[in-house]
Amino acid sequence: MYVFSEDFFITLSNTAIEYLTILIIFFYYKKYMQIYRAKLRRIFMRRIYLFFINVLVAMLLVLLPSCTRPMHPQNSAEAQMMEGSGHGSAHGHDKKSAMTEDKTHSGHGDSKTDHDHQATSMSKKMPKHLDVALAKYSEDAKFYVGITSKLKPVAINKIHSWVLQIRKPDGERVSNAKIHVSGGMPMHGHGLPTSPRVTKYLNDGKYLIEGVRFNMTGWWELKFMIKSGHHKDKVTFNIILK
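Sequential numbering of the sequence shown, starting at 1, is according to UniProt numbering.
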């Protein structure tokens, strides 16, 4: 009869323990992997749900404004245009196409004009002591400028001319000036109803301005941007029509 030695039993028991340990580890690993996979599946499904919810919300945000928009938006646009043009038509009904050239004059060259019947600035109140002088220094005192109307007294809604005279501070007449004409009614916030321009140099530093028309009583401004050689300056004349 064969007798097993003590070492054999020790080796057998160690081997059994190792296999048992491997089985336990495999069992717990399998269980852990099942739990982990279930958790991953829940996280993945949650992200899928959130993605679809975000897509639906984005689609609603895009579609809702178009659903709440008026059926005929052109009607409101036409109404706004009617409101915006109402004031202009009241002031500029008698405009002439000849007044659409640039308001610049070089003394002897051609000139072009740009229509000035548009908002010049926000409406403002008339100063308590308004300067109504028709002869004064320009803003930076580079020129001494005077204006005279050829229509006396100045009438409402009549095309008429003015004469602008420009001198240097030492009294020398300026004969080669480029002049840009603008203006309007500061209290109403709109420009001139016509586009006056310098049409002729009259000698002695005088320039003829044609195409001026005032279509209502009140405070008007005539503005002149003057450039002669290297000098450039501007001057504003205030005119009160009653």
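Cβ atoms here follow ideal geometry from the backbone N, Cα and C, with glycine treated the same way.
- The stretch 204-224 and the stretch 148-161 touch, with no fewer than 3 CB-CB distances between them shorter than 8 Å.
- In the displayed model, F51 falls within a helix according to three-state DSSP.
- For S161, the closest of R167, K125, T148 by C-alpha to C-alpha distance is T148.
- Straight-line spacing of the CA atoms in L40 and N54 works out to 21 Å.
- Closest in alpha carbon position to A177, among I166, D170, G171, is I166.
- Counting only residues of its own chain and dropping the five nearest sequence neighbours on each side, H230 has no CB closer than 6 Å to any other CB.
- Beta-bridge analysis with DSSP links M126 to no other residue.
- Contact between L208 and K200 holds, with the beta-carbon distance rounding to 4 Å and staying under 8 Å.
- Going by C-alpha positions, V132 is about 15 Å away from F224.
- Taking 7 Å as the cut-off, the beta carbon of D204 is found no closer than this to the beta carbon of S138.
- Nearest to L202 by alpha-carbon distance, out of I239, S195, V174, I22, is V174.
- Non-local C-beta neighbours of L241 in its own chain, meaning closer than 7 Å and more than five positions away in sequence, comprise V154, I156, F214, T217, G218, W220, ordered along the chain.
- Contact between F143 and K168 holds, since their C-beta atoms are separated by about 7 Å, short of 8 Å.
- According to the DSSP secondary-structure assignment, G146 is paired through a beta bridge with A135, Q165.
- Note on V62: under 16 other CB atoms within 10 angstroms of its CB, so exposed under the neighbour-count rule.
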